[in-house]
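Below is one structure; the comments refer to it alone.
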Amino acid sequence: MDNATYKALARFVALMTVAVLIGFLQGNIELYLLLAIGGFLLWHLWNLSRFEAWIKAGAREDVPDLPGVWGELVSFIIRLKRRSRSRKRRYRNLIKEYRKSSGAFPDGTVLLDGQNQILWFNKAATRMLGLRKASDRGQSIVNFVRRPEFVRFIESPTEEEPLVMPAPREPGHFYSLQRVPYGRKQSLLLVRDITQEVMVEQTRRDFVANASHELRTPLTVLSGYLDAMVEDPELAESWGDPVREMHAQTARMTEIVAGLLTLSRLEAQEEQENLAEAESVDVPAMLTAIRKEALAVPGCPATVELNLLSDAWLLGSESDLRSAFSNLVENAVKYTPRQGSIILTWESRADGSVEFRVKDTGIGLSPSEIPRVTERFYRVDSGRSRDVGGTGLGLAIVKHVLRGHDANLIITSLPGDGSCFSCVFPASRVAKPDESGAVR
Ligand code: ADP
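Residue numbers for the sequence shown follow the numbering used here, beginning at 17 and rising by one.
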């Protein structure tokens with residue numbers, strides 16, 4: 017029992033004792049006890065009403081002079097109020113500091129609620145997204161940034177990858193936008209000017225594309241002469257081996273240049289989101305042809321099985337899909353010994369997506385190699401890759417083709433156990449042929 021309650025109880029007991037004593041002397045204990053309890057209650061009720069009036073008036077500093085336990089309650093409430101006031105002041109200062117520092121950020125920051133309505137934004141966001149001070153709060157962010165890719169990005173509940181798009185108000189600039197969810201469905205939109213990085217990347221791409229393009233003509237001339245020399249019966253014996261080596265190396269260089277040009281074209285298409293060229297592709301027929309071609313490759317494993325569990329077609333580029341699928345099958349052939357086997361599967365999944373799987377029993381990949389094999393020129397064993405005619409660009413091309421078709425590449429593998437390369441296409445890319453052969 018705390019001090020105030022103890023004192024109140026002691027006072028009550030003393031009052032009752034006095035009442036009993038007086039009652040005993042006067043010969044009427046009940047009457048005096050009743051009077052004492054009644055008086056005690058009335059006293060408390062009176063103090064309670066003063067206390068209530070003080071609380072209702074906002075418990076201000078002009079404290080009523082209340083006795084006993086009521087006085088203690090009043091000072092306790094005042095202490096609590098002082099503490100909460102100083103805490104509020106501290107938080108207010110913290111928020112002021114945060115706003116001041118985020119106002120100085122070179123990056124735009126916008127706080128959004130669950131409906132993408134603007135709760136707050138900093139100075140940089142004013143400049144970058146064209147938001148105006150207080151009047152734009154409470155409005156939806158899509159009223160200010162209307163680009164379709166931004167609307168898709170901000171309205172997607174799962175989008176975590178940053179979006180790169182042209183700056184809405186600064187021609188020639190590019191922004192990276194990232195959404196960071198926090199609290200109850202709120203999110204923080206961070207806008208960064210990445211013009212410099214985009215320019216460097218563009219220069220790199222242009223350089224690779226131009227260099228590859230420029231190399232094509234001299235390589236064609238070289239291959240032409242070397243083709244003729246290899247076939248020439250009058251070629252001096254001592255030149256036989258060097259010319260054959262030059263011929264093979266030129267063919268390899270031509271393949272690398274072709275691969276680099278394909279990658280440049282795919283990257284340029286991705287940038288323009290070039291889906292207009294999408295055609296309906298008969299994947300089952302394509303896979304049947306790819307299997308036949310694989311079996312004709314010298315050294316191909318005897319078993320190349322094709323399981324067509326779906327008749328789905330795809331919406332996309334026939335030549336790009338063919339190149340990606342052939343690449344995966346060619347790799348399986350290259351990295352699987354003759355006594356091994358390859359299983360190709362085309363099947364629909366429960367969620368409406370479709371999957372192309374290439375499973376082999378070949379040399380496999382270690383977990384650390386898996387994330388790297390889609391990088392350009394990455395080869396686990398470059399000597400072996402060269403021996404089997406690899407350029408190190410195949411899987412990079414596969415990755416870009418799949419990205420252009422909104423698909424994912426999933427690789428599972430264990431060294432010595434074989435690998436499984438799976439391409440999963442979303443339902444939006446599926447086309448079903450009807451009976452007349454036309455596509456719905
Ligand atoms: P390459 O032309 O060298 O085959 P890719 O880009 O197609 O280049 O593949 C990159 C590397 O990934 C290859 O060098 C090889 O080490 C590895 N790889 C690809 N496919 C397979 C596979 N089915 N089994 C084992 N390793 C593979």
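Ideal Cβ placement from N, Cα and C applies to all residues, glycine included.
Tell me which same chain residues have a C-beta within less than 6 angstroms of the C-beta of residue i, skipping the five on either side of it?
i      : result
Glu113 : none
Val396 : Glu385
Arg79  : Residue 79 is actually Val in this sequence, not Arg. Cβ neighbours of Val79 beyond the five flanking positions: Val90.
Thr319 : Ser357
Gly453 : Bear in mind that the predicted position of Gly453 carries a pLDDT of just 48, short of 50, making it unreliable; the figure below should be weighed with that in mind. Hits under 6 angstroms: none found.
Pro431 : Gly380, Ser382
Val167 : Val158
Gln194 : Pro178, Leu206
Leu324 : Pro300, Trp362
Gly275 : Thr407, Leu409
Could you pull the DSSP bridge partners for residue i from this structure?
i      : result
Thr407 : In DSSP, Thr407 forms no bridge with anything.
Asp376 : Ile358
Ser435 : Ser429
Ser364 : Val370
Thr319 : Ser357
Asn19  : BP columns for Asn19 are empty, so no partner.
Val440 : Glu371, Asn424
Counting only the same chain and skipping the five closest in sequence on each side, list residues whose C-beta sits under 8 angstroms from that of residue i.
i      : result
Thr219 : none
Val267 : Before going on, a small fix: residue 267 reads as Ala here, not Val. So the list reads Ser239, once near-sequence residues are dropped.
Thr125 : Ser118, Phe137, Asn138, Ala140, Ala141, Leu204, Leu205, Leu206, Val207
Gly130 : Arg200, Lys201, Gln202
Phe28  : Phe56
Ser296 : Trp329, Leu330, Leu331, Ala447, Pro449, Val455
Arg354 : Gly315, Cys316, Pro317, Ala318
Gln285 : Gly420
By how many angstroms is the C-alpha of residue j removed from the C-alpha of residue i?
i      : j      : result
Ile93  : Leu57  : 23 angstroms
Ala264 : Leu311 : 23 angstroms
Met262 : Ala244 : 12 angstroms
Trp59  : Arg101 : 33 angstroms
Tyr191 : Pro178 : 10 angstroms
Gly315 : Leu322 : 18 angstroms
Asp403 : Pro164 : 48 angstroms
Ala183 : Gly146 : 11 angstroms
Gln202 : Ser117 : 21 angstroms
Glu106 : Arg162 : Note that residue 106 is Arg in the sequence shown, not Glu. Between Arg106 and Arg162, the C-alpha separation is close to 39 angstroms.
Val299 : Phe169 : 31 angstroms
Ala75  : Gly54  : 29 angstroms
Glu250 : Gly256 : 10 angstroms
Phe121 : Met215 : 23 angstroms
Ile111 : Ser65  : 40 angstroms
Arg108 : Gln155 : 25 angstroms
Ala292 : Ala252 : Caution is warranted here: a pLDDT of 45 is assigned to Ala292, below 50, making its placement in the model unreliable, and no coordinate value can be reported.
Pro83  : Ala30  : 16 angstroms
Ala24  : Val85  : 6 angstroms
Thr21  : Asn63  : 15 angstroms
Glu68  : Leu61  : 10 angstroms
Lys149 : Ala366 : 49 angstroms
Using a Cβ-Cβ cut-off of 7 angstroms (strictly less than) and excluding sequence neighbours within five positions of residue i, which residues of its own chain qualify?
i      : result
Arg103 : none
Val440 : Ser369, Glu371, Ala423, Asn424, Ile426
Asp123 : Ala140, Leu206, Val207, Arg208
Ile45  : Val36, Gly39
Thr377 : Thr352, Gly356, Ser357, Gly434
Tyr394 : Arg388, Gly408
Asn19  : none
Arg221 : Ser280, Glu283
Ser401 : Arg395, Gly408
Under 7 angstroms from any heavy atom of ligand 3, does the C-beta of residue i make it?
i      : result
Lys350 : Absent from the structure shown: ligand 3. Ligands present: ligand 1.
Inside the stretch 248-315 only - beta strand (DSSP E) runs reaching at least 3 residues: 295-297
Sequence ranges, alpha helix (DSSP H) only - wholly within the stretch 140-225, length at least 4: 164-171
Segments assigned beta strand (DSSP E), at least 3 residues, entirely inside the stretch 97-143: 124-128, 134-137
contact_flag[the stretch 374-393, the stretch 297-316] where n(CB pairs < 8 angstroms) is 3 or more: no
At least three beta-carbon pairs within less than 8 angstroms, the stretch 331-346 to the stretch 403-417: yes
Residue ranges of each beta strand (DSSP E) within the stretch 322-354, 3 or longer: 329-332
Stretch-stretch touch, CB-based, cutoff 8 angstroms, three pairs: the stretch 213-232 with the stretch 276-288: yes
Segments assigned beta strand (DSSP E), at least 3 residues, entirely inside the stretch 35-70: none
Segment contact, 8 angstroms Cβ cut-off, at least three pairs: the stretch 347-355 with the stretch 325-332: no
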